[in-house]
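Peer 1: Questions regarding the structure given below will be posed in turn.
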Amino acid sequence: MSSTVGQVIRCRAAVAWEAGKPLVIEEVEVAPPQAMEVRLKILYTALCHTDVYFWEAKGQTPVFPRIFGHEAGGIVESVGEGVTELSPGDHVLPVFTGECGECRHCKSEESNMCDLLRINTDRGVMIGDGKSRFSVKGKPIYHFVGTSTFSEYTVVHVGCVAKINPQAPLDKVCVLSCGISTGLGAALNVAKPKPGSVVAIFGLGAVGLAAAEGARLSGASRIIGIDLNPSRFEIAKKFGVTEFLNPKDHDKPIQEVIAAMTDGGVDRSIECTGSISAMISAFECVHDGWGVAVLVGVPNKDDAFKTHPMNVLNERTLKGTFFGNYKPRSDIPVVVEKYMKKELELELEKFITHEVSFLEINKAFEYMLAGESLRCIIRMEP
Ligand SMILES: NC(=O)c1ccc[n+]([C@@H]2O[C@H](COP(=O)([O-])OP(=O)(O)OC[C@H]3O[C@@H](n4cnc5c(N)ncnc54)[C@H](O)[C@@H]3O)[C@@H](O)[C@H]2O)c1
Ligand SMILES: [Zn+2]
Ligand SMILES: [Zn+2]
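Number 29 in full-length UniProt numbering belongs to position 29 of the sequence shown; there are no gaps in the numbering.
Have a look at this one:
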């Protein structure tokens with residue numbers, strides 16, 4: 001047993017003291033895991049746009065000081081009381097939404113919206129005792145979506161941890177802990193395009209391109225990528241996107257352009273931007289009678305979705321998903337296994353455009369804000 005079990009661990013973490021200000025590498029104290037919690041040593045973490053929104057806190061509730069990060073891979077350091085399914089040394093992916101295994105949602109085949117552990121972006125404490133496990137010089141630091149992976153060690157509820165094959169390369173499969181599973185699942189589990197379908201993808205970041213991969217694996221005949229950033233179009237070709245549209249190049253609303261290109265609309269659309277106008281376009285561009293639109297992007301807290309009810313009456317379906325409807329503990333180990341056995345034609349390397357050391361974590365934010373990166377891996381060890 002490691003000498004740290006039951007002890008406070010002092011380690012480095014990137015603390016966001018204020019909204020929009022560079023993260024500061026601090027020595028933090030990480031308390032031992034309490035009942036039904038595990039403490040993880042994070043080896044690799046990546047930046048997802050959801051971290052950036054809550055760090056900017058322009059359209060979201062400010063909760064500071066906070067340790068962000070939710071896309072990561074690591075190893076269990078120690079476990080709290082009542083944890084039986086994980087042991088020190090297990091390789092794991094923490095996930096921002098959990099699976100208690102007991103509630104109506106966890107027992108339903110259709111839902112991953114666990115009553116106990118579903119995503120909560122405004123809570124900055126552990127659900128067990130309402131306290132934080134992080135502090136700097138005695139001052140508590142808030143958690144983010146129950147994961148806070150921008151720290152060498154973090155404490156997570158056991159229901160938010162997927163135990164994976166220890167042979168899986170953590171520096172690659174860490175991107176399955178949020179963005180890639182989300183996009184892939186949005187296509188395979190939620191939009192479910194039929195072979196030969198025409199699919200529109202709004203937002204060609206890592207999440208949207210993973211959705212494009214899902215559409216390709218489903219046998220889509222045309223995949224139309226829509227993005228405001230033209231530099232995305234070249235890279236998107238590697239992900240099976242066949243046609244490109246930049247809303248800035250058109251005078252008409254993009255849904256009208258898409259309808260004209262597709263004889264009335266696409267069969268499926270998947271929105272991965274976080275922009276409310278793109279969400280509305282993504283819904284209004286699906287064909288009447290059978291079209292299904294899936295929202296994935298995280299909206300601002302005051303956004304409202306406005307469309308004419310006739311768009312719905314005309315037999316279009318609007319759906320949304322967190323984490324691509326995957327149940328983290330049951331499904332993600334299987335996705336990792338399929339990736340390892342190459343049963344799932346998914347090259348995670350294609351999504352990893354940048355890599356930085358933990359000390360350079362602010363660069364990962366710069367790359368994403370400049371629209372340069374898909375995923376930037378942050379290495380915790382030098
Ligand atoms: N539902 C979930 O479970 C879940 C999980 C992960 C991420 N997300 C969300 O998915 C979205 C994408 O995440 P990401 O990490 O791929 O981000 P990203 O920044 O890498 O990609 C977003 C892309 O959308 C484009 N875009 C922005 N506004 C647009 C508009 N109006 N029209 C067309 N394109 C537009 C940007 O240029 C960018 O290329 C974010 O909103 C993120 O918060 C949701
Ligand atoms: Zn994410
Ligand atoms: Zn549950």
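All C-beta atoms, glycine included, are put in the ideal place defined by N, C-alpha and C.
#1: Less than 8 Å between the CB atoms is what I'm expecting for glycine 146 and cysteine 48, so what's the real figure, rounded?
#2: Which runs of the alpha helix (DSSP H) fall wholly inside the stretch 43-120 and span at least 4 residues, in chain order?
#3: Using 8 Å for Cβ pairs, my map puts valine 8 next to glutamate 29. What's the rounded Cβ distance?
#4: In three-state terms, what does DSSP make of cysteine 272?
#5: Rounded to the nearest angstrom, how far is the Cβ of serine 269 from that of phenylalanine 202, given a contact under 8 Å?
#6: What residue range does the alpha helix (DSSP H) around glycine 183 cover?
#7: For glutamate 102, count neighbouring C-beta atoms within 10 Å of its own C-beta (all shown protein chains included) and say buried if the count is 16 or more, exposed if not.
#8: May I ask you to list the residues that DSSP assigns as paired with arginine 133?
#9: Any heavy atom of ligand 2 within a distance shorter than 8 Å of the CB on glycine 179?
#10: According to DSSP, simplified to helix, strand and coil, what is phenylalanine 305?
#11: With distances taken between CB atoms, is the gap from serine 181 to tyrosine 326 smaller than 9 Å?
#12: Between Asn165, Ser111, Val286, which has its C-alpha nearest glycine 185's C-alpha?
#13: When the Cα of cysteine 196 is compared with those of Ala220, Val158, Met368, which residue comes out closest?
#14: Once the 5 residues before and after leucine 359 are set aside, which same chain residues still bring their CB inside 7 Å of it?
#15: Hey, could you find the ends of the beta strand (DSSP E) glutamate 355 is sitting in?
#16: Let me know the secondary structure DSSP gives glycine 320 once reduced to three states.
#17: My output table needs one value for alanine 19: the three-state DSSP class, helix, strand or coil.
#18: In the structure shown, what three-state DSSP assignment does glycine 159 receive?
#19: Would you list the one or two residues that DSSP bridges to glutamate 37?
#20: Evaluate asparagine 189 with the Cβ neighbour count: other Cβ atoms within 10 Å of its Cβ, from every protein chain shown; 16 or more gives buried, anything less gives exposed.
#21: Quick one: Cα of valine 241 to Cα of asparagine 229, how far?
#22: Quick check on this structure: which residue in Phe239, Val296, Leu209, Leu318 has the alpha carbon closest to the alpha carbon of glutamate 284?
#23: Under 8 Å: does the beta carbon of alanine 191 sit that close to some heavy atom of ligand 1?
#24: Apart from the five residues just before and just after serine 357, which ones in its own chain have a Cβ nearer than 7 Å to its Cβ?
#25: Pick helix, strand or coil for proline 140, following the three-state DSSP scheme.
#26: Assuming lysine 237 and lysine 350 form a contact by the criterion Cβ under 8 Å, report the distance between their Cβ atoms to the nearest whole angstrom.
#27: Opposite glutamate 337 in the DSSP bridges: which residues?
#28: Just the Cα atoms here: how many angstroms apart are histidine 287 and glycine 265?
#29: What is the rounded straight-line gap between the Cα of glutamate 337 and the Cα of aspartate 303?
#30: Let me make sure I understand the geometry here. Which of Ser177, Ser135, Thr121 has the alpha-carbon closest to that of histidine 91?
Peer 2: In terms of the structure at hand:
#1: On the sequence shown, residue 146 is found 146 positions in, with the first residue counted as 1. On the sequence shown, residue 48 is found 48 positions in, with the first residue counted as 1. Rounded, the Cβ-Cβ distance is 14 Å, inconsistent with contact.
#2: Listed in chain order, the complete alpha helix (DSSP H) runs (minimum 4 residues) inside the stretch 43-120 are 49-56, 104-107.
#3: The sequence position of residue 8 within the sequence shown is 8, counting from 1. The sequence position of residue 29 within the sequence shown is 29, counting from 1. About 5 Å; that satisfies the 8 Å criterion.
#4: Residue numbering aside, residue 272 sits at position 272 when the sequence shown is read from its first letter. Of the three classes helix, strand and coil, the one that applies to cysteine 272 here is coil, per DSSP.
#5: Locating residue 269 in the sequence shown gives position 269, where the first residue counts as 1. Locating residue 202 in the sequence shown gives position 202, where the first residue counts as 1. Approximately 7 Å separates the beta-carbon atoms of serine 269 and phenylalanine 202; this is inside 8 Å, confirming the contact.
#6: Residue numbering aside, residue 183 sits at position 183 when the sequence shown is read from its first letter. Here the alpha helix (DSSP H) through glycine 183 covers 179-185.
#7: Here residue 102 corresponds to residue number 102 of the sequence shown, with the count starting at 1. A residue is called buried once 16 or more other Cβ atoms fall within 10 Å of its Cβ, and glutamate 102, having fewer, is exposed.
#8: Sequence index remark: in the sequence shown, residue 133 carries index 133 (1-based). DSSP output for arginine 133 lists no bridge partner at all.
#9: Against the sequence shown, residue 179 aligns to sequence position 179. The answer is yes for glycine 179.
#10: Position 305 of the sequence shown, counting from 1, holds the residue named residue 305. Coil.
#11: As a position in the sequence shown, residue 181 is number 181, starting the count at 1. As a position in the sequence shown, residue 326 is number 326, starting the count at 1. Contact flag set, yes.
#12: Reading the sequence shown from its first residue, position 185 is the one you call residue 185. Nearest option by C-alpha distance: Ser111.
#13: Taking the sequence shown and counting its residues from 1, one reaches residue 196 at position 196. A small fix is needed here, since residue 196 is glycine in this sequence, not cysteine. Of the candidates Ala220, Val158, Met368, the one whose C-alpha sits nearest the C-alpha of glycine 196 is Ala220.
#14: Position 359 of the sequence shown holds residue 359. The residues are Ile25.
#15: Indexing the sequence shown from 1 puts residue 355 at position 355. Glutamate 355 -> beta strand (DSSP E) spans 352-357.
#16: Translated into the one-based positions of the sequence shown, residue 320 becomes position 320. Reduced to three states, the DSSP call for glycine 320 is strand.
#17: Taking the first residue of the sequence shown as position 1, residue 19 is located at position 19. Correct three-state label for alanine 19: coil.
#18: As a working note, residue 159 is residue 159 in the sequence shown. Residue state, collapsed to three classes: helix.
#19: Mapped onto the sequence shown, residue 37 falls at position 37. His157.
#20: Counting from one through the sequence shown, the residue named residue 189 turns up at place 189. Asparagine 189 comes out buried.
#21: The residue given as residue 241 occupies position 241 in the sequence shown. The residue given as residue 229 occupies position 229 in the sequence shown. For valine 241 and asparagine 229, the distance between alpha carbons rounds to 15 Å.
#22: Counting from one through the sequence shown, the residue named residue 284 turns up at place 284. Nearest of Phe239, Val296, Leu209, Leu318 to glutamate 284, Cα basis: Leu318.
#23: Counted from its first residue, the sequence shown places residue 191 at position 191. Outside the cutoff, so no.
#24: Looking up residue 357 in the sequence shown gives position 357. Closer than 7 Å at Cβ, skipping near neighbours: Arg379, Pro382.
#25: Stepping through the sequence shown from its first residue, residue 140 is reached at position 140. Note: proline 140 maps to strand in three-state DSSP.
#26: On the sequence shown, residue 237 is found 237 positions in, with the first residue counted as 1. On the sequence shown, residue 350 is found 350 positions in, with the first residue counted as 1. Not quite, the Cβ-Cβ distance comes to about 11 Å (not below 8 Å), so this is no contact.
#27: The residue given as residue 337 occupies position 337 in the sequence shown. DSSP output for glutamate 337 lists no bridge partner at all.
#28: The residue labelled residue 287 in the question sits at position 287 within the sequence shown. The residue labelled residue 265 in the question sits at position 265 within the sequence shown. Here the alpha carbons of glycine 265 and histidine 287 stand approximately 4 Å from one another.
#29: Here residue 337 corresponds to residue number 337 of the sequence shown, with the count starting at 1. Here residue 303 corresponds to residue number 303 of the sequence shown, with the count starting at 1. Between glutamate 337 and aspartate 303, the C-alpha separation is close to 38 Å.
#30: Mapped onto the sequence shown, residue 91 falls at position 91. Residue Ser177 is the option with its Cα nearest to histidine 91.
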